[in-house]
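Reading through the structure tokens given below for one structure.
Number of protein chains: 2
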Amino acid sequence: MENEKTNAQMRKGVLEYCILLILKQRKSYVPDLIDLLKQSKMVVVEGTLYPLLMRLKNSGYLGYEWQESTSGPPRKYYFITPEGESFLLELDASWRELEETIHQLKTLNN
Amino acid sequence: MENEKTNAQMRKGVLEYCILLILKQRKSYVPDLIDLLKQSKMVVVEGTLYPLLMRLKNSGYLGYEWQESTSGPPRKYYFITPEGESFLLELDASWRELEETIHQLKTLNN
DNA sequence: TTTTAATACCTTGTATTGCATGGTACTAAA
DNA sequence: TTTAGTACCATGCAATACAAGGTATTAAAA
């Protein structure tokens with residue numbers, strides 16, 4: 001149980017990154033995102049996602065558009081903006097650096 | 111500047127993991143840890159580290175011993191316990207999963 | 001001897017943020 | 001017209017990283 005907390009914390013840190021990775025490839029609305037993230041073992045709930053999307057939108061990295069649905073209320077589809085794409089490039093670099101860091105720490109030998 | 115925040119957040123999530131990776135290989139006291147982490151671009155300050163080490167110790171993952179210093183007050187050297195080692199194995203698994211997750215999300219194609 | 005500088009420990013207060021919970025609104029079917 | 005399903009969003013709490021400041025020990029300088 002202690003482990004799950006740290007496991008969760010690891011995943012938290014890359015949550016924004018994951019969202020942007022997904023939205024780069026397909027417009028999605030919140031239940032879409034939750035499903036996709038669940039498939040990737042990133043368990044996330046609405047209460048986390050909505051504020052996060054709001055922040056990313058307010059930063060100019062995301063936009064959205066409404067789409068009618070045949071089975072319920074309209075859906076808010078988020079998509080990545082050009083600024084979001086370049087932000088994503090930086091996150092790619094951050095991620096690579098982080099991988100490199102962990103690799104280094106695993107092989108401290110001096 | 112926005113990037114640095116997310117970059118930092120990514121690194122936060124694996125901070126405990128990094129600490130344990132280091133302590134598995136050498137006993138260290140706080141200024142040691144800060145130096146090593148700085149070399150790995152994980153910028154961390156005392157105010158973060160002390161409470162974190164306290165938590166890990168209280169969870170049984172770390173122990174410590176005092177050592178005299180020739181250049182100042184005695185140092186508190188932390189080391190990893192057997193429980194810490196097995197916790198670390200779980201974190202290794204979490205990290206591998208996280209890498210796998212990101213890899214998957216980068217190649218969503220359906 | 002007294003003071004200063006360096007080193008190392010630790011605590012407190014603040015801000016961020018993920019999550020649990022609950023609320024509102026639209027659609028379709030019973 | 002009521003109920004169930006779907007989707008949006010907001011509020012309050014808890015965890016935690018960090019900034020800032022405080023205490024204690026040692027050694028060297030005054």
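These protein sequence lines map, in sequence, to chains G and R. Residue numbering for the first sequence follows our numbering, starting at 1 and increasing by one per position. Residue numbering for the second sequence follows our numbering, starting at 111 and increasing by one per position. All residues carry an ideal CB built from backbone N, CA and C; glycine is no exception. Here the structure is a predicted model, which means the values were calculated and not measured.
- G:TYR61 sits in coil when the DSSP states are folded into three classes, being neither helix nor strand.
- The residue among R:PRO141, R:MET164, R:ARG165, R:LEU166 with its C-alpha nearest the C-alpha of R:VAL154 is R:PRO141.
- Against chain R, a Cβ distance below 8 Å from G:GLY13 picks out GLN119, MET120, ARG121, LYS122, GLY123, VAL124.
- No Cβ of chain R is located within less than 9 Å of the beta carbon of G:GLU85.
- Only those residues of the segment 37-52 of chain G whose C-beta falls short of 7 Å from the nearest C-beta of chain R are listed: SER40, LYS41, MET42.
- Considering only R:LYS151, R:ILE144, R:ILE129, R:GLY194, the residue with the shortest C-alpha distance to R:GLY170 is R:GLY194.
- Residue contact check for R:ILE212 against chain G: a CB pair falls below 9 Å.
- Interface with chain G (9 Å Cβ-Cβ cutoff): R:TYR127 is included.
- At least one beta carbon of chain R lies nearer than 9 Å to the beta carbon of G:GLN25.
- For R:LYS186, the enclosing beta strand (DSSP E) has its first and last residue at 185-190.
- Under the Cβ criterion (8 Å, minimum of three pairs), the segment 209-220 of chain R counts as touching the segment 35-43 of chain G.
- When the beta-carbon positions are compared, G:LEU33 and G:TYR78 come within less than 9 Å of each other.
- DSSP, reduced to helix, strand and coil, places R:SER204 within a helical segment of the structure shown.
- What R:GLU175 touches in chain G, judged by beta-carbon distance under 9 Å, is nothing: the nearest beta carbon there is about 20 Å away.
- The criterion of a C-beta distance shorter than 9 Å is satisfied by G:MET10 and R:VAL124.
- Cα atoms of R:GLU178 and R:TYR139: separation of roughly 12 Å, rounded to the nearest angstrom.
- Listed as beta-bridge partners of G:GLN67 by DSSP are G:ARG75.
- Shown here for R:LYS137: same chain residues with a beta carbon closer than 6 Å to its own, the five before and five after excluded, namely TYR187, PHE189 in chain order.
- Residue-level contact check: G:LEU91 touches chain R, since one or more beta carbons of chain R fall below 9 Å from its beta carbon.
- Under the DSSP assignment, R:TYR127 falls in the alpha helix (DSSP H) whose first and last residues are 125-135.
- Note: G:SER28 is bridge-paired with G:TYR78 in the DSSP secondary-structure output.
- Here R:LEU201 has TYR127 as same chain residues with Cβ atoms under 6 Å from its own Cβ, once five neighbours each way along the sequence are excluded.
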